[in-house]
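Going left to right, the sequence shown walks through residues 1 to 191 as this note's numbering numbers them.
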Amino acid sequence: MSKKVGILGGTFNPPHIGHLIIANEVLSALNLDELRFMPNATPPHKKKDERVSEVERLKMVQLAIKDVPKMAVETIEMDRGGTSYTFDTMELLQAREPSTTFFFIIGGDQVEYLSKWYRINELVEKVQIVGVPRPNTSIETAYPIIKLAIPQIELSSTLIRNRMENGKTTMFLIPELVRDFIQKEKLYEIR
């Protein structure tokens with residue numbers, strides 16, 4: 001029997017409870033065997049934040065899901081480096097784990113741009129894309145995706161970074177272990 005694995009990609013700079021809610025909701029709704037957080041190396045649509053290294057982003061994700069059953073970290077994009085295209089990554093994962101069925105999770109902000117994705121028509125043949133709503137976005141698309149209604153929280157890594165830079169509270173917005181690591185390493189302080 002094939003294993004069902006969800007992949008939630010992102011920069012996770014830093015990971016926050018919005019990411020954890022999405023992961024848990026999809027894991028439960030689709031009865032997945034595992035959900036993997038996949039920090040990307042260089043996403044095609046974002047510029048790199050030079051203040052936080054890939055190693056630090058990876059460590060924050062590891063801390064965010066520490067001791068959470070059925071959640072893990074997938075480092076394939078970081079290991080490969082360079083620009084991360086979902087099609088290429090999923091092809092590599094499928095070659096590595098041919099008996100696994102992959103579910104690639106995206107937010108409404110990405111659903112709206114599916115038509116611009118690299119090799120999207122081939123990608124939807126390869127993996128099941130799961131769309132989850134985010135505030136002020138739609139998960140309506142002509143592409144064959146699984147649409148899940150999940151609790152939404154209006155929270156972004158940008159908001160977290162801005163709060164940290166300005167000495168404002170992030171309590172309950174990011175896991176405590178992640179917040180402790182950020183403070184210890186002085187990650188988002190204005191230099």
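By construction, the Cβ of each residue, glycine as well, lies at the ideal position given by its N, Cα and C atoms.
Burial is judged here by how many other beta carbons sit within 10 angstroms of a residue's own beta carbon; glycine 131 has at least 16 and is buried.
Only exposed fits glutamate 176, as fewer than 16 other CB atoms lie within 10 angstroms of its CB.
If only uninterrupted beta strand (DSSP E) runs of at least 3 residues are considered, those enclosed by the segment 94-177 are 100-107, 128-132 and 145-147.
Non-local C-beta neighbours of histidine 16 in its own chain, meaning closer than 7 Å and more than five positions away in sequence, comprise Leu155, Ser157, Ile160, Leu173 and Ile174, ordered along the chain. Secondary structure at isoleucine 65: coil, using DSSP grouped into helix, strand and coil. Annotated three-state conformation of leucine 187 is coil, per DSSP. In this structure leucine 63 is not in contact with phenylalanine 37, their Cβ atoms being roughly 11 Å apart against a cut-off of 8 Å.
Here DSSP, grouped into helix, strand and coil, assigns alanine 41 to coil.
Considering only Glu25, Thr137 and Pro14, the residue with the shortest C-alpha distance to glycine 6 is Glu25.
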